[in-house]
Every structure is written in structure tokens, then in C-alpha cells.
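Report on the structure given below.
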Amino acid sequence: LSTSVGNLEAPQLNGFISPGIDRVLSSGADAIFAMYKGAIIEVMPNIFQLGFRKSINEMLSNVMQDDSKGCAWDNFDDSTSTFVNFADLFLQNEDAVTFGGFGNDQYGGLLKSAYTAIEGGAMNLSGGGPSFLNENIIHPLTYAQSGIEGNLLFPGPIFEMESDIKIGELRASLKINISDLTLENIDTLGLPLTFLRPLSSHVLDNMFTLGFGEQPFVISFKLKFAFEKGVDIIQNDLVINIEFSNLLF
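Residue numbers (the working numbering): 4 to 252.
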């Protein structure tokens, strides 16, 4: 699970109570960003390599070691296993042997033919252009959900949290709310793009790029947080927009 960050643009802050405060906060944010931009770019890949990957591996390990699921993972032997061999399932016989298959047709040839057609049409894009999946799959699905091709809309609350803060004599309440999540330009799939590609008999590789071309992939949402101490209330409503170009998963 890896990612690389090519560049970051300075955050834009506006919409506060006066243009003067906008300028002050924007200047401060620009100065801080200029100081730490390089460090942030270097650290971000580690978030995926160390944080996300560790969490996902731990989750999968717990699932595999859970005896209540009735799935035997110990002493796994490919040669005697009744698990599906992905190389034989998706690849032609000659290629299947290279990736841990037996090179026979125990699953028939239908999925092999379908996989070859999909790989040829969706994955090997001439000139590196956008995938045909954008127009044939993503457009109709996103339009059915949001009425906008390439966008998904999730109106209403997404995440809410309320916590009491007790530090010394301080007694206060913190409320955080995230709502109105929007995913824009999902129809920007491009190279590199792989789907269900066998790496071995029981391992599949999936890779895709969002934000391919001129339009970035955008995540936007509303963030509200309130800090209450007695009759004193500090409340802020923010609209967060995060843009990604050539985001590789």
C-alpha cells in the first residue's frame, strides 16, 4: 500500500467575519505552509505505508485468525487446496503457469475470455487516455446516484462527535460534525490501471489512478466544530475542498 505526493498547493482561507481577518489568516497559513511544505510531502507516503497499511494488515490478520469463521488458514498448501487458483481462473494456460497456476482448464474458459477482453479494453489504454470505464460504468452509476456524471453526493451528517474536556479547572464541551460529503470527478480513471491481475495463485493485484488528466479528483465536505464553556460558545463552519491529481491507489 504505497502512495507518492508530487506537489501540494497552499491552502486558501476565506469566508471569515471580515476581509482583514481573511488576509491575516491567509498570510499566516501561507507562511506556515512555506516552512513545512517539504516535510509534509515527505511524511504523507509514510501515513499510508505505516499507519493505513498496519491497520489493514492487523484487521485482515484478526479475521484470518478468528476460528469462529470456520475457515482453515493454518498449514495452507497450494497443491492440495480447494481454494480457487486465480491464475488458472483468469489467465490463459501459458501465462497461468508463470503465476502459480497448473495451466489447465479446470474452471472452463468463460472467465478467461472475459478477463482477456476486459484487460485489453480497460487496462491497456492506447496513448494513456482515460479508461472506457469512465463513460460506460462510472458515468451511468454516478448519474443515477447524484444526477451529475462523475460525482457522488452524500447530503446530511456523515460523522458526529461530542466530548467533554476536563483540564485542570477547565470544563468545556467540544462538538465536531462532518456533513455533505461530495466526491467529484470520479470519472478521471487513467493509467496505471489494473484489475484482478493475478500475482500468484491466490493473490490479486488491483491498481488505479484518479485525477488523471486536467481535472483533479476532489473531496469536499462541511466541517463544523463548537467549543462551549458555560455561556461562552465558539463555533466555526468550514467548507473543506481537497484536490488530488494523479492519485494512485
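Cβ atoms here follow ideal geometry from the backbone N, Cα and C, with glycine treated the same way. Predicted, not measured: the structure shown is a model, and the values here were computed from it.
Let me know if residue i comes out buried or exposed under the rule of 16 or more other beta-carbons within 10 Å of its beta-carbon.
| i | result |
| --- | --- |
| residue 239 | exposed |
| residue 101 | exposed |
| residue 201 | buried |
| residue 57 | exposed |
| residue 65 | exposed |
| residue 115 | buried |
To the nearest angstrom, how far is it from the Cα of residue i to the Cα of residue j?
| i | j | result |
| --- | --- | --- |
| residue 38 | residue 245 | 20 Å |
| residue 139 | residue 10 | 31 Å |
| residue 59 | residue 161 | 22 Å |
| residue 203 | residue 106 | 13 Å |
| residue 242 | residue 223 | 7 Å |
| residue 36 | residue 118 | 46 Å |
| residue 142 | residue 24 | 41 Å |
Between which two residues does the beta strand (DSSP E) carrying residue i extend?
| i | result |
| --- | --- |
| residue 159 | 155-170 |
| residue 87 | Segment: none, residue 87 is in no beta strand (DSSP E) and carries neither H nor E. |
Can you check DSSP and say which residues form a bridge with residue i?
| i | result |
| --- | --- |
| residue 221 | 187 and 246 |
| residue 208 | 200 |
| residue 175 | 168 |
| residue 180 | 163 and 227 |
| residue 108 | DSSP output for residue 108 lists no bridge partner at all. |
I'd like the span of the alpha helix (DSSP H) that includes residue i, first residue to last.
| i | result |
| --- | --- |
| residue 117 | 113-121 |
| residue 36 | 22-49 |
| residue 143 | 142-149 |
| residue 98 | 96-101 |
Notebook entry, point to check: Do three or more CB pairs link the region 170-185 to the region 203-217 at distances below 8 Å?
Noted result: The answer is no - the region 203-217 does not touch the region 170-185, with fewer than three Cβ pairs under 8 Å.
Next item on the list: Would you check if there are 3 or more beta carbon pairs closer than 8 Å linking the region 189-199 to the region 152-167?
Entry: Yes, the region 189-199 touches the region 152-167.
Notebook entry, point to check: Does the region 162-179 come close enough to the region 227-234 that 3 or more CB-CB pairs lie under 8 Å?
Noted result: A contact between stretches requires three or more CB pairs, one per stretch, nearer than 8 Å, and the region 227-234 meets this requirement with the region 162-179.
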